[in-house]
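Line by line, the protein sequences give chains W and B. Under this note's numbering, read the first sequence as residues 301 to 532, first letter to last. Under this note's numbering, read the second sequence as residues 301 to 532, first letter to last. Note that CB positions come from ideal geometry on N, CA and C, so glycine has one too. Source: prediction; values computed, not measured. As structure tokens, the structure follows; a few thoughts come after it.
There are 2 protein chains.
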Amino acid sequence: MNEMLKRDFDITISNNDLLDEAFTQASYVNEHKDQNLKFYERIEFLGDAVLQLVVSEYIFKRYERLPQGRLTRLRAAMVNEKSFSTFARECHFNEYIRLGKGEERANARDRDSLLCDIFESFVGALYLDQGKAAVEKFCHQVIFPKLDSGMFDEFFDHKTELQEVAQEDGPVAIDYELVEEFGPANDQMFRVKVLIANKEFGIGEGHSKKEAEQKAAQQALKHFDTSNMNLL
Amino acid sequence: MNEMLKRDFDITISNNDLLDEAFTQASYVNEHKDQNLKFYERIEFLGDAVLQLVVSEYIFKRYERLPQGRLTRLRAAMVNEKSFSTFARECHFNEYIRLGKGEERANARDRDSLLCDIFESFVGALYLDQGKAAVEKFCHQVIFPKLDSGMFDEFFDHKTELQEVAQEDGPVAIDYELVEEFGPANDQMFRVKVLIANKEFGIGEGHSKKEAEQKAAQQALKHFDTSNMNLL
């Protein structure tokens, strides 16, 4: 475990008991009563709150113009059982969980709910051992790059965001125009541009017009990254 | 506002724009469009997550033996609209909110939901200005003393906790015995002691047997504050 953490994340946990606790399920504790072990649930309680804050702070600072409702939706897309269990698998955390025999036979090691718990308890242990900055570094390795690679895109409606941002100071025309259809018939692609007040702000491609429009809106949003709205 | 914060909490916020934002409701922004103001909601989003973590960490470390389920219930008792709006009033935050005229007439200044938001947004501003340690200090002034004064006691079942802690290594008899009824007929009081394995561990008084038992259990729990279970 320590070798893997060092190799993959440049993390060295100094308190090994904490790390053991974070990867031990109650079923294992019950089968080894003589060893006076602890299971992960308390550390998971803490790790859950740490992840909420670290993700909240990151998107709060990165998306300066995103209103609260959309920050809340984006956080919910990032902080949930599906994404955390995916991260746990990518980090190979499933290989290190200590399970009782019955849980092992029941394939608990592949259960999303357990993997999500373990991801949170690992973060709790990292936080207790090394503080928030270490958790932030870990999130920059594991979670935040997924924002750019599009893992949460289905929860992230760029067209709505562009509308909110561009029309903050009053109504302005936002139009999407199909530029081109291309590619073979069985793999048709669309290219769409977005115009704000008749000026081109972005262009995007996708397998559907909807996807191309989202990409175009995403590109246009880069023009609004500063707090200066006088670009228009 | 700054004078009050300095006097009551020894807090000096260096970024005044942040503080203004934290205490400004959307209705006020709408009535002063020329001033290019921001309202509190984004900072509240962050403050909410900060409070979740700071409270979680405090109870995680203070109640070393409390299992996850009870930590979660205790946090829910501390982190909610009712308690946060109470804290906001105690801090006199209601006097500093900037509201639009309609909201003022509708008594929004006394609305629990708004006061809860403002408590969170103040914490968000404090966090952005000075970091987590400053928020912890503020919580030690405003929230955590309430644990000792009993504000959250109705959510905190000491009898169940004592049972969980005392029986961790196996079954042991826990008995509550009425010692005495005292006081005038219209203000009857009860004194109850708790015995663990026939040894007295605590005594409590209350206006009902149930209340006296809770107090006795709370006192008994002090014997289990260390991780050494061999006291029995």
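- Taking C-beta separations shorter than 6 Å and ignoring five residues to either side along the sequence, the partners of B/L495 in its chain run D475, following chain order.
- Within chain B, no C-beta atom comes less than 8 Å from the C-beta of W/A377; the nearest is roughly 15 Å away.
- With a threshold of 16 other beta carbon atoms within 10 Å, W/F482 falls short and is exposed.
- Neighbours of W/R398 across chain B, judged by C-beta separation under 7 Å, do not exist; the nearest C-beta is about 17 Å away.
- Think of a sphere of 8 Å around the beta carbon of W/Q368: the chain B residues whose beta carbon falls inside it are E341, R342, E344, F345, in chain order.
- Considering only B/M304, B/I503, B/L447, the residue with the shortest C-alpha distance to B/A377 is B/L447.
- The residue from W/E480, W/A466, W/N486 with its alpha-carbon nearest to that of W/K499 is W/A466.
- The C-beta of W/F360 comes closer than 7 Å to at least one C-beta of chain B.
- Under DSSP, B/V494 shares a beta bridge with B/Y476, B/G502.
- The beta carbon of B/Q352 is closer than 7 Å to those of V379 in its chain, skipping five residues each way along the sequence.
- About 6 Å separates the beta carbon of B/F444 from that of B/Y358, a gap short enough to meet the 8 Å contact definition.
- Residue W/H458 holds the alpha-carbon nearest to the alpha-carbon of W/G502 among W/H440, W/H458, W/F452, W/M489.
- Residue nearest to B/E331 within the set B/I311, B/K401, B/V435 is B/K401 (criterion: CA-CA distance).
- Comparing alpha carbon positions, the residue from B/M451, B/V479, B/C391, B/S421 closest to B/E321 is B/S421.
- At a C-beta separation below 8 Å, W/E357 has these neighbours in chain B: L346, A349.
- Bounds of any alpha helix (DSSP H) do not take in W/H523, whose DSSP letter is neither H nor E.
- Taking 7 Å as the cut-off, the Cβ atoms of B/S327 and B/L399 count as close.
- Taking C-beta atoms under 8 Å as the contact rule, B/Y396 and B/M301 qualify, at a distance of about 5 Å.
- In this structure, B/G369 keeps its C-beta atom at 7 Å or more from the C-beta atom of B/G424.
- Within chain W, the residues whose beta carbon sits less than 9 Å from that of B/K432 are L353, K432, listed in sequence order.
- In the DSSP assignment, W/P445 falls within the alpha helix (DSSP H) that extends over 445-449.
- When the five nearest sequence neighbours on each side are left out, the beta carbons in the same chain lying within less than 7 Å of the beta carbon of B/K306 are those of T312, in order along the chain.
- Taken through DSSP and simplified to helix, strand or coil, W/R375 comes out as helix.
- Below the 7 Å Cβ cutoff, chain W contributes F345 as neighbours of B/T372, in chain order.
- Its chain contains G502, I503, G504 as the residues whose beta carbon lies nearer than 7 Å to that of B/Q519, once the 5 sequence neighbours on both sides are disregarded; these appear in chain order.
- Under the DSSP definition of a beta bridge, B/M489 partners with B/F482.
- Residue pairing by DSSP places B/T324 opposite B/R398 in a beta bridge.
- Straight-line spacing of the CA atoms in W/R365 and B/E344 works out to 14 Å.
- Rounded to the nearest whole angstrom, the C-alpha separation of W/K432 and B/Q430 is 15 Å.
- In the structure shown, the three-state DSSP call for W/C416 is helix.
- Within the same chain, and ignoring the five residues on either side of B/S356 in sequence, the residues whose Cβ sits closer than 7 Å to its Cβ are R375.
- As the crow flies, the alpha-carbon of W/A517 is around 25 Å from that of W/P484.
- Under the three-state reduction of DSSP, W/C439 is assigned to helix.
- Under the 10 Å beta carbon count, W/V472 is surrounded by fewer than 16 other beta carbons and is classified as exposed.
- For the pair B/F438 and B/V354, the Cα-to-Cα distance works out to about 10 Å.
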